[in-house]
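**Student:** Protein chains in written order, with the working numbering: chain A, -13 to 294; chain B, 12 to 375; chain C, 361 to 864; chain D, 5 to 366.
Positions of the beta carbon are idealized from the N, C-alpha and C atoms, including for glycine.
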Amino acid sequence: GTEGGSSSNSGKKSGDKLISVGIINNDPNESGYRTANVNDLKATFTKENGYDAQFAYSLKNEEQINYAQKYIQDEVDYLLLSAADTAGWDSVLKDAKDAGVKVILFDRTIDADESLYEASIVSDMNKEGETAVEWLKNQNLTSYDIIHLQGVMGSAAQKGRSGALTDTASKLNWNIVVEQTAEWNAEKAQQIVQSAIDSNQKFNVIYAENDDMAKGAVAALDRANISHGVGKDVIVMGFDCNKWALQELKAGNWNYDGQCNPFQSSYIVDIIKKLENGETLPQKTIIMDEKGFDASTITDADVEQYGI
Amino acid sequence: MSQNTKNNTASSIITAMFRKQIFIPLAALLILALFNFIMDPSFFKITLGHNSNGDPLLSGNIISIIDYGSELAILAVGMTLVTAASRGQDISVGAAIAISGSVVLRVLCGTNSRPDELQAPIIVAFIISCFVAMACGAFNGVLVSVFKIQPMVATLILFTAGRSIAAWINNNELPVVTDSTFSVFGGYIPGIPIPTPFFIALACFVVIFLVLKFTTLGLYVQSVGINEETSRLNGLNPALIKFITYVILGLCVAVAGLIKVSRISSINYSVVAKDIEMDAILAVALGGNALGGGKFNISASILGAYVIQFLTTTLYKFQVQSDALPAYKAVVVILLVVLSAPIVREKIAALFRKLRPARAEQNG
Amino acid sequence: MQEKSLLEMRGIYKSFPGVKALRNVDFTLREGEIHALMGENGAGKSTLIKVLTGVHVKDGGDIFIKGHGGAVQIRSPQEAQNLGISTVYQEISLCPNLSVAENIFIGRGKGPAVNWREMNKKAGELLDSLGIAVKPNQQLASCSIAVQQMVAIARAVDMECSVLILDEPTSSLDESEVEKLFGLMRDLKKRGVGIIFVTHFLDQVYEVCDRITVLRDGQLVGEYEIEKLPRVQLVSKMLGKELDDMADIKNDIPQYDEARNKIVYEAENLCSSEGIKPFNFRIRKGEVNGFTGLLGSGRSECVRAIFGADKVTSGKVWVDGKQVKINKPIDAMKHGIAYLAEDRKRDGIVGDLSVRDNIILALQVKKGFFRPFSKAQATKFADEYIKLLDIKTASVNTPIKSLSGGNQQKVILGRWLLTHPNYLILDEPTRGIDVGTKVDIQKLVLKLASEGMSITFISSETDEMLRTCSRLLVMRDRKLVGELKGDQLTQNTIMNTIAGGEQK
Amino acid sequence: MSQKFLTAGKSRRGLIGSLSDTNLLMSITIIVFIAMYLFAIFGLGSGFQKAQTFFNILNANAALIILACGMTLVMITGGIDISVGGMAALVSMSSAVYLDMHSGSVWGAMLISLGIGLAFGLVQGYLIAYLDIQPFIVTLAGMFFARGMTTIVNTNPFNVQNEAFVKLKETRIIIPGMGSYNKRGDYIDAYIEIGVIVALIVVAALFVFLKWTKTGRNFYAVGGNKQSALMLGINVKRTTFLAYLMCGILGGIGGFVYFMHVGSGSATHAAGAEMNAIASSIIGGTMLTGGVGNIIGTLFGVLSLALIQNIVSSIGLDQAWWTGITNASMLCIFLVVQSVIIARRKKANLSSSRPAEAKGAK
Ligand SMILES: Nc1ncnc2c1ncn2[C@@H]1O[C@H](COP(=O)(O)OP(=O)(O)OP(=O)(O)O)[C@@H](O)[C@H]1O
Ligand SMILES: Nc1ncnc2c1ncn2[C@@H]1O[C@H](COP(=O)(O)OP(=O)(O)OP(=O)(O)O)[C@@H](O)[C@H]1O
Ligand SMILES: [Mg+2]
Ligand SMILES: [Mg+2]
């Protein structure tokens, strides 16, 4: 029932009317993951595909909220949202609901009532962490001395990936040698690992919550002549599956890389189609399939397919 | 009697020392060193090892400090000049590093973001990045000197745009250089056990000291920073001099940018050199330079930069709870500046003066 | 404390790093007297005042104030104000960003609120009564120095005070304004206010003062009744030696040969963006000439145009017979012209820099960016001029801002002399300079001229001009209206011409 | 004679000439703001035609307005305060934790907010005013401290569930007659949040404070020339101290308003707010060098920056980097226009006052 109203958007189904979407995302500079994510969305929501898309990027929650308010005033049909912060969104979403704007979350969940959005397509960060930690457990090391490099504190990715490690470590008595945030930053990671080496800490695992930080850590190891990778002194773990990271994996310099799927657009399109046809969605939250790669089993095909 | 005069000279030396500008960062450095020495003397241990290619290298906290402090120290040099001449600070250096680093990688990688071999000699890439960084500096310089916009806002423009421009230069791809010669600038020269950034920084210091010695830059910059009108009437061109300091800072940015991208042979536009502008300004201030411009002391700023790195390394070493790290940093910084504040120093000096005669009496 | 004395300072000591500015100084101010505080540049007059008003903390000694038994502690100007001491400091210390009225009323009065209408009205009345022609709501920065000085005075006299301190208030005022000030001072005196008056103009001292205290090198020389201390003695007390008679100087004027000496600088229809009418000007080798006129008549603008200090909008210029372009100060400097600006604080000193750097600045700029002086060389230059001009400074490393006003002026003079100019422009070089040095400077001017330097000399004191110049250019309303030389150089003719007599 | 000279000419200045620098800058900002808004309404259409878009700008920036007001105060005295953003984050997080984890009351949370602001103001003010340490260092450390403390209080961001607070947060003040119809045809009222009222009160109060109280004028004097202010009998230390104290308290209030807007605590809240606050103040006519500044200007400075962002976001740029670059370009144009107008005015003043003087003298 989309009749009346000041700006009539009925008749979209005929195909000559574009569906307007406002897409709020994090800054594509943030990481390789984000770049891939942004490119994927941009390739999908084009005029040719029947969408009139506006994009807004920010790493700051309040700016994102601002953009959201703006799109609500512009009365877009769909508001696609990858929130910088999990909290602080409910009143905006209520405004959206009042204004008749449908909200679809992608990539990141937020802390708000389910009724406020139509669907949420996310990675299960907890599961990513659990998969990785499970893999680590299966390495059956005689001792676990871990350097844990955390992402920006409080982000969903950090929470999920840290949570799994912290839980298991306390359960299995693993020794966390260093636990510090490098804020997704390779160079900070390098400094933190360097500092651990300088003060003669013993460690045999580097659990970095993204590829950049793993790269920084490896740079520090290389300097100090500490061997790393398959069958070497230190196990290196990363996340995101950047192509270059998978290549490192393939070369045996790293041991594990956890996938975090940036390609949500096909899922989103699916949902929009269903909503446009008036169908109801079977479930609100769609969790994407993700896996982890082991250096010893990864193939060139994997690198091509999953590398971002 | 002679005891007394000796005491007097001693206390006057102490008083004089307290007044010297360089005392501030020096004292800060000493306090930090002392703290570490008491907590764990092994902090200062330096060991000779070999890297994975079998080249010798030194490692230890002190080495890390002179290594990672380099970019900051280089920036502090330019920032000091900018501060002195234009009575304000450039907050766009972090963004400008992103730009110049991005340019280096763009030139090295060409259109392919992951080339197997370098598409251009490193020196060419560096020179081009120098020009770009100097252009950034020139942009800021023009806004400040010609349009007379206050430095902090003028540079806010590049601060806002810089990281976007950096992304644009590389088409938002994240180039990675695999060639190992490139990593020399942020790592080690094969065969030399001391990290290259330190040498680069040293070279920068030498250059700037030579410039200050063999040109009148220092005098001009201070004079313009203290009294623009007088400087003009004495034949200087204040706008030009301010402009030049920004261009010099641009050069510093290019060098720091090269080290930054070389460290990990890659770049992340949004986090590379993040918040380094604040640290650079802090270095200038810790060096006892007035942020309101005028007289400056470059060595003090450089020391200030290493104080900041010393502090960071110390905090890492003691594994301060990671997210609370800034809070500790704040407390230490405040303690350092309070202890070295002129008023407090005067009080301490006065205390010394009081103590000396008292002891002399006891002795006599 | 003695009867009738308002204020007593006993055994005051104050030293700065490297300088003992005050040593065991006593000072007494009585009710209803105007008390001159005299001394050479750097004798410690301003320091004594600053100690009294809490700007500087004294190292030793006591201050007594009538009605406050025992020694009082004055730790800030505010406390001094509360004790009934109101002060006009030597360097105008007002806030340039505030309006005239605010500068008069800020920091005083009761109640938390500002009543703008009331304040502007009161300020307007006060300014009117003193004959200061500014609007109360005008921003102070847009007023001339003279007006600023008058505003500072207005503020000081308007305060309910028992002690009024005036530290060289007259150095930038013209005669009519000085007269106004004196009228005011006499009124206050009648009301029992004690006034401390610092000046380097002896005439003024003998015109209004009752008593004189002389300081030399930070020490008290003595306190005298004005009648008992004739001028010559006063000067010798200040200098610690006899002063050569000033009247003689004029006879020494080197008579340059109008026809033979070549023209060093010539301008035709010169005009700057600062609103003067185009003027013609020339000066010959060895000549000393001067611009005269009322305050604001455009004397400074003329010489600024010659030096390229303001934007030159039109005109032709010849230096040594060759046509040249002078658009910026550096052009002028390259052609051997030097310019000592009138506003020392704004256009002269580089406050935080050392005396050495201040002295070499101009020469260094002239020499070029890539050819810095060595420290030793610079120190040598500095020492030379410190000696030549008898500059009182702790060392060459002392920042110039901590020198006394007069000594700052000498440093800047030294700076320009060091460039060995062919043509030297001096705009009020003797402002704030003590009698002894004034004579020295006049002599120096004449000596330099006899050695072939051309000099333009501007001063608000006509006798000074008469003593040094062989030709005077008269300015009125920003226009060059006449030229006087030879027999015409008398006080009367000058006054007539300035005021618009029919001299053309 | 000379007197006639000194006054003549002043009276003949044009309208622009009669404004002081800060008022001129403020007027430019206001005019440019209105021009931009008109452009947005007629050039960019739909959203901007609704009143609610404007109110949303207010809602989103109420906290920033308050923080920027505090910043303006310290900038007028010639200082700077980098800690305001960190303070807002700390206030939000502390209030959030207090409300949800210690089931506190809204009043308590407000007190905590004020307390934090007060503590920052006291300490920073003391260090800067009485120990004479450079404000930049002190407040930068303050920012580090606040950010660090925020994560110590609680690492993870969360929405506050406390009922009283949620009610307060969701209180909307309806602006009658300004609403609009949504696409389903329902009428939606235009509204502002409580924070906006607080912000406007702060603006009004500070405007009065700076203009009509002695303490307020002392701020200007101290910023104009510290030494002179001292000699004019102003207690410079206490005035400086007061400025930082007020800025701290406003940081507390602003932090709470921010908290009411987002309803959550997070370590990344108000990131970079200090820079926005500084920029807003300067755009509104405040000088970093001190002695010049204006609260109304600051208000429009904040709104202008926000509007620029809104416009950029609705131009529909296809590449992410254009957002940053366009934002910066608009800021650049803005600042250059400001500076050119100021420079032209200086020139115009000279040439307009001179002939008048000449006439007056005849
Ligand atoms: N703040 C300061 N720091 C260091 N030295 C100072 C300071 N103020 C004054 N002096 C020194 O104290 C001495 C006395 O200076 P003061 O200003 O009192 O002289 P004065 O008698 O007022 O001279 P003038 O007639 O030139 O104004 C000078 O030698 C000056 O260099
Ligand atoms: N009508 C006016 N209103 C405000 N300021 C004025 C006015 N006329 C002149 N002035 C200022 O007064 C000052 C003195 O003017 P100017 O330099 O032209 O005079 P002068 O003849 O050199 O006098 P002196 O050197 O004795 O001040 C200048 O700074 C000038 O800008
Ligand atoms: Mg004096
Ligand atoms: Mg003049």
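Strictly under 8 Å for the Cβ-Cβ distance: is C:Q863 near chain B by that measure?
**Tutor:** Residue placement at C:Q863 is poorly supported in this model, since its pLDDT is 44, which falls under 50; the coordinates still yield a value, given next. Residue-level contact check: C:Q863 does not touch chain B, since none of the beta carbons of chain B fall below 8 Å from its beta carbon.
**Student:** Tell me the rounded alpha-carbon separation between C:N723 and A:N171.
**Tutor:** According to the sequence shown, residue 723 of chain C is Leu rather than Asn. Looking at the two C-alpha atoms, the distance is approximately 52 Å.
**Student:** Hey, would you say the C-beta of C:L763 is under 7 Å away from at least one heavy atom of ligand 6?
**Tutor:** Among the ligands present in this structure, namely ligand 1, ligand 2, ligand 3 and ligand 4, ligand 6 is not found.
**Student:** Hey, out of B:G148, B:G121, B:C147, whose CA is closest to B:A136's CA?
**Tutor:** Residue B:G121 is the option with its Cα nearest to B:A136.
**Student:** Within 7 Å: the Cβ of C:E400 and any heavy atom of ligand 3?
**Tutor:** C:E400: no, Cβ never under 7 Å from ligand 3.
**Student:** Considering just the uninterrupted stretch of the beta strand (DSSP E) at C:Y625, what are its terminal residues?
**Tutor:** Unbroken beta strand (DSSP E) run through C:Y625: 623 to 632.
**Student:** Name the one or two DSSP bridge partners that C:K839 has.
**Tutor:** C:R836
**Student:** Is the shortest distance between the beta-carbon of D:S232 and the beta-carbons of chain C less than 8 Å?
**Tutor:** yes
**Student:** If you measure from the CB of C:D750, is any heavy atom of ligand 1 nearer than 7 Å?
**Tutor:** no
**Student:** Classify D:S357 as buried or exposed, calling it buried when 16 or more other Cβ atoms lie within 10 Å of its own Cβ.
**Tutor:** Summary for D:S357: the model assigns pLDDT 43, below 50, so the residue's position carries little reliability, and this model does not support an answer.
**Student:** Would you mind working out which of C:M519, C:S453, C:D534 sits nearest C:I492, comparing C-alpha positions?
**Tutor:** With distances taken between Cα atoms, C:I492 lies closest to C:D534.
**Student:** Using a threshold of 8 Å, state whether the C-beta atoms of A:V89 and A:L102 are closer than that.
**Tutor:** Cβ distance < 8 Å, so A:V89 and A:L102 count as in contact.
**Student:** Output yes if chain C places a C-beta closer than 8 Å to the C-beta of D:Y224; else output no.
**Tutor:** yes
**Student:** With 16 other CB atoms within 10 Å as the buried threshold, where does C:E587 fall?
**Tutor:** exposed
**Student:** Do the region 398 to 412 of chain C and the region 754 to 772 of chain C meet, that is, are 3 or more Cβ pairs less than 8 Å apart?
**Tutor:** yes
**Student:** Using three-state DSSP, classify C:Y449 as helix, strand or coil.
**Tutor:** coil
**Student:** Using the beta-carbon of each residue, which ones in chain D are nearer than 7 Å to A:G140?
**Tutor:** T159, N160, P161, S270, A271, T272
**Student:** Report yes or no: is there a C-beta of chain D within less than 8 Å of the C-beta of C:A473?
**Tutor:** yes
**Student:** Alpha carbon to alpha carbon, how far is A:M223 from A:A82?
**Tutor:** 41 Å
**Student:** What runs of the alpha helix (DSSP H), each 4 residues or longer, lie entirely inside the region 108 to 137 of chain A?
**Tutor:** 111 to 124, all fully within the region 108 to 137 of chain A.
**Student:** So who's on the other strand from A:H214, going by DSSP bridges?
**Tutor:** A:V220
**Student:** Under 8 Å between C-beta atoms, does B:T171 make it to chain E?
**Tutor:** The displayed structure is made up of protein chains A, B, C and D, and chain E is not among them.
**Student:** Name the residues in the region 309 to 331 of chain D whose C-beta lies less than 8 Å from a C-beta of chain B; which are they?
**Tutor:** Per Cβ criterion, the list reads Q323, A324, W325, W326, T327, G328, I329, N331.
**Student:** Whose Cβ in chain A lies nearer than 8 Å to the Cβ of B:N72?
**Tutor:** S181, D184, S185
**Student:** Beta-carbon of B:V342 versus every beta-carbon of chain D: anything under 8 Å?
**Tutor:** yes
**Student:** How would you call D:F43, buried or exposed, if buried means at least 16 neighbouring beta carbons within 10 angstroms?
**Tutor:** exposed
**Student:** Suppose you measure from the CA of C:C829 to the CA of D:L292; what does that come to, to the nearest Å?
**Tutor:** 47 Å
**Student:** With 8 Å set as the bound, which would you pick, yes or no: does the beta-carbon of B:L362 sit closer than that to a beta-carbon of chain C?
**Tutor:** no
**Student:** State whether the region 772 to 785 of chain C contacts the region 744 to 755 of chain C, with contact taken as three or more CB pairs (one from each stretch) at a distance under 8 Å.
**Tutor:** yes
**Student:** Cutting at 7 Å between CB atoms, please list the residues of its own chain near A:I254, excluding the five before and the five after it.
**Tutor:** L66, I90, F92, I107
**Student:** With DSSP as the reference, identify every bridge partner of B:P67, one or two as the case may be.
**Tutor:** B:H61.
**Student:** Out of B:T325, B:I205, B:K358, B:S273, point me to the one whose CA is closest to B:L69's CA.
**Tutor:** B:I205
**Student:** For chain B, check one thing: does any of its Cβ atoms lie closer than 8 Å to the Cβ of C:G711?
**Tutor:** For C:G711, the answer is yes, since a Cβ of chain B falls inside 8 Å of its Cβ.
**Student:** Residues in the region 124 to 158 of chain D with C-beta within 9 Å of chain B's C-beta atoms, listed in sequence order?
**Tutor:** V127, L131, Y134, L135, D136, I137, Q138, P139, F140, I141, V142, L144, A145, G146, M147, F148, F149, A150, R151, G152, M153, T154, T155, I156
**Student:** Any heavy atom of ligand 1 inside 7 Å of the beta-carbon of A:V204?
**Tutor:** Result no, Cβ not under 7 Å from ligand 1.
**Student:** Determine the DSSP secondary structure at C:F376, reduced to helix, strand or coil.
**Tutor:** strand
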